[in-house]
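With the working numbering applied, the sequence shown covers 225 to 346.
Glycine included, each C-beta is placed from N, C-alpha and C at the ideal position.
For clarity, every value in this text was computed on a predicted model and none was experimentally measured.
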Amino acid sequence: MLKDDLYTITAFTETDGQIHSTIRLNAQHRIFEGHFPGQPVLPGVCMVQIIKELVETATGKTWTMSQSDYLKFLSPIIPADGQAIEATVTMEQKEQDELFVTGTLLCDERVCFKSKATFTVN
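Pasting the structure below:
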(Lines of atoms letter the chains of each structure in order from A and count residues from 1; the text may use other names and numbers.)
(Lines give C-alpha, C1' and ligand atoms only; values in the text may rest on other atoms or scores of the structure.)
Protein backbone atom coordinates (compact mmCIF):
# COMPACT_ATOMS: atom_id res chain seq x y z
CA MET A 1 0.00 0.00 0.00
CA LEU A 2 1.38 3.36 -1.02
CA LYS A 3 -1.23 5.55 0.69
CA ASP A 4 0.14 7.52 3.64
CA ASP A 5 3.70 6.67 2.58
CA LEU A 6 4.35 7.64 -1.05
CA TYR A 7 1.29 9.89 -1.13
CA THR A 8 -1.49 11.23 1.05
CA ILE A 9 -5.10 11.88 0.13
CA THR A 10 -6.00 15.52 0.86
CA ALA A 11 -9.47 15.53 -0.71
CA PHE A 12 -11.80 12.66 -1.55
CA THR A 13 -15.40 12.45 -2.73
CA GLU A 14 -17.31 9.52 -4.17
CA THR A 15 -20.78 9.86 -5.62
CA ASP A 16 -22.58 7.25 -7.72
CA GLY A 17 -19.37 5.46 -8.66
CA GLN A 18 -17.45 8.65 -9.52
CA ILE A 19 -14.37 9.43 -7.41
CA HIS A 20 -12.71 12.85 -7.34
CA SER A 21 -9.57 13.06 -5.26
CA THR A 22 -6.54 15.22 -4.68
CA ILE A 23 -3.35 13.53 -3.54
CA ARG A 24 0.03 14.90 -2.56
CA LEU A 25 3.30 13.10 -3.21
CA ASN A 26 6.05 12.60 -0.66
CA ALA A 27 9.01 13.72 -2.79
CA GLN A 28 11.39 12.37 -0.13
CA HIS A 29 10.11 8.79 -0.53
CA ARG A 30 12.89 6.23 -1.08
CA ILE A 31 11.39 5.04 -4.38
CA PHE A 32 12.63 8.22 -6.06
CA GLU A 33 16.25 7.39 -5.14
CA GLY A 34 16.19 4.60 -7.71
CA HIS A 35 13.63 5.89 -10.22
CA PHE A 36 15.69 7.70 -11.37
CA PRO A 37 18.75 8.94 -9.46
CA GLY A 38 19.08 12.68 -10.00
CA GLN A 39 15.92 12.81 -12.15
CA PRO A 40 13.07 11.39 -10.07
CA VAL A 41 9.88 10.33 -11.85
CA LEU A 42 6.80 8.67 -10.36
CA PRO A 43 6.91 5.05 -11.62
CA GLY A 44 4.03 3.97 -13.85
CA VAL A 45 3.25 1.01 -11.62
CA CYS A 46 2.67 3.49 -8.77
CA MET A 47 0.15 5.40 -10.90
CA VAL A 48 -1.74 2.14 -11.46
CA GLN A 49 -1.58 1.39 -7.73
CA ILE A 50 -2.92 4.85 -6.83
CA ILE A 51 -6.03 4.24 -8.97
CA LYS A 52 -6.47 0.81 -7.32
CA GLU A 53 -6.13 2.25 -3.82
CA LEU A 54 -8.67 5.00 -4.55
CA VAL A 55 -11.14 2.30 -5.63
CA GLU A 56 -10.41 0.42 -2.41
CA THR A 57 -10.93 3.57 -0.34
CA ALA A 58 -14.30 4.16 -2.01
CA THR A 59 -15.57 0.58 -1.75
CA GLY A 60 -13.97 -0.66 1.46
CA LYS A 61 -12.91 -3.83 -0.40
CA THR A 62 -9.58 -5.20 -1.64
CA TRP A 63 -9.31 -5.49 -5.44
CA THR A 64 -6.96 -7.05 -8.00
CA MET A 65 -6.62 -5.79 -11.55
CA SER A 66 -7.72 -8.80 -13.60
CA GLN A 67 -7.63 -7.19 -17.05
CA SER A 68 -6.24 -4.01 -18.54
CA ASP A 69 -7.79 -2.56 -21.68
CA TYR A 70 -5.18 0.18 -21.71
CA LEU A 71 -2.69 1.99 -19.55
CA LYS A 72 -1.45 5.24 -21.10
CA PHE A 73 1.48 7.07 -19.56
CA LEU A 74 1.18 10.45 -21.28
CA SER A 75 3.44 12.73 -19.29
CA PRO A 76 5.91 12.09 -16.46
CA ILE A 77 5.01 13.12 -12.94
CA ILE A 78 8.07 14.78 -11.44
CA PRO A 79 7.76 14.69 -7.65
CA ALA A 80 7.84 17.87 -5.60
CA ASP A 81 6.87 18.03 -1.93
CA GLY A 82 3.25 19.00 -1.63
CA GLN A 83 2.62 18.70 -5.36
CA ALA A 84 -1.09 18.15 -6.02
CA ILE A 85 -2.26 15.39 -8.34
CA GLU A 86 -5.92 15.35 -9.31
CA ALA A 87 -7.48 11.92 -9.75
CA THR A 88 -10.79 11.08 -11.40
CA VAL A 89 -12.01 7.50 -11.27
CA THR A 90 -15.25 6.00 -12.56
CA MET A 91 -16.41 2.62 -11.29
CA GLU A 92 -19.04 0.57 -13.10
CA GLN A 93 -20.30 -2.76 -11.75
CA LYS A 94 -19.78 -5.55 -14.32
CA GLU A 95 -20.51 -8.69 -12.33
CA GLN A 96 -21.15 -9.19 -8.64
CA ASP A 97 -17.41 -9.19 -7.85
CA GLU A 98 -16.12 -7.18 -10.83
CA LEU A 99 -15.74 -3.49 -11.53
CA PHE A 100 -14.88 -1.74 -14.79
CA VAL A 101 -12.68 1.19 -13.79
CA THR A 102 -11.51 4.19 -15.78
CA GLY A 103 -8.94 6.44 -14.17
CA THR A 104 -7.13 9.67 -14.96
CA LEU A 105 -4.32 11.44 -13.13
CA LEU A 106 -3.67 15.13 -13.80
CA CYS A 107 -0.66 17.12 -12.66
CA ASP A 108 -0.34 20.85 -13.29
CA GLU A 109 -3.54 20.63 -15.38
CA ARG A 110 -2.00 18.13 -17.82
CA VAL A 111 -3.16 14.55 -18.21
CA CYS A 112 -0.32 12.28 -17.09
CA PHE A 113 -2.02 8.88 -16.94
CA LYS A 114 -5.20 7.28 -18.29
CA SER A 115 -6.43 3.75 -17.74
CA LYS A 116 -9.30 1.38 -18.38
CA ALA A 117 -9.27 -1.89 -16.49
CA THR A 118 -11.36 -4.58 -14.86
CA PHE A 119 -10.90 -5.22 -11.14
CA THR A 120 -11.96 -8.36 -9.29
CA VAL A 121 -12.66 -8.40 -5.56
CA ASN A 122 -10.27 -10.50 -3.45
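query, result
"Taking Ile247 and Ala304 to be in contact with their CB atoms under 8 Å, please state how far apart those CB atoms are, rounded to whole angstroms.", "Actually they are not in contact, since the Cβ atoms of Ile247 and Ala304 sit about 13 Å apart, beyond 8 Å."
"Just mark Asp316 as buried or exposed, buried being the case when its beta carbon has 16 or more other beta carbons within 10 Å.", "It is Glu, not Asp, that sits at residue 316 in the sequence shown. Exposed, since its Cβ has fewer than 16 Cβ neighbours within 10 Å."
"Please list, in chain order, all residues of the same chain as His253 whose beta carbon is under 6 Å from its beta carbon, the five residues on each side excluded.", "Leu230"
"Would Met225 be called buried (16 or more neighbouring beta carbons within 10 Å of its own) or exposed?", "exposed"
"Less than 8 Å between the C-beta atoms of Val313 and Leu278, yes or no?", "yes"
"Measure the C-alpha to C-alpha separation of Val345 and Glu280 and round it to an integer number of angstroms.", "10 Å"
"May I have the straight-line CA-CA distance separating Ile309 from His244, to the nearest angstrom?", "11 Å"
"Restricting to Cα atoms, I'd like to know which of Lys296, Asn250, Glu319 and Phe236 is closest to Val269.", "Lys296"
"When DSSP labels each residue in this structure, what does Gly306 get in the three-state scheme?", "coil"
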